[in-house]
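Residue numbers (our numbering): 52 to 149.
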């Protein structure tokens, strides 16, 4: 009983949609054009999603590269300070020994 009711509702809904399409003037050719337009729109949106995904990934990689460069600069600065300190100690030691 319940199954028959649901089936009838589905059929009525489908007929209602078909009537609405006929009344709106969608013929066979137009629905094909419309289908093609919507397919192109879906494809464009998909490409935009991939593009934005690629841009986000590229930005993340650039940010990481920037962080690594800053870290390298910091390490080199520390090494430079250490080298200068050692050289200063050596020069002081040689002055004392001379």
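For every residue, glycine included, the Cβ atom is placed at its ideal position computed from N, Cα and C.
Backbone CA spacing between residue i and residue j [nearest angstrom]
| i | j | result |
| --- | --- | --- |
| residue 130 | residue 106 | 36 Å |
| residue 124 | residue 117 | 11 Å |
| residue 58 | residue 64 | 10 Å |
| residue 82 | residue 55 | 31 Å |
| residue 72 | residue 112 | 49 Å |
| residue 138 | residue 128 | 15 Å |
Cutoff 8 Å: residue i Cβ touching any chain B Cβ
| i | result |
| --- | --- |
| residue 54 | Judged by its chain identifiers, the structure shown contains no chain B, having just a single protein chain. |
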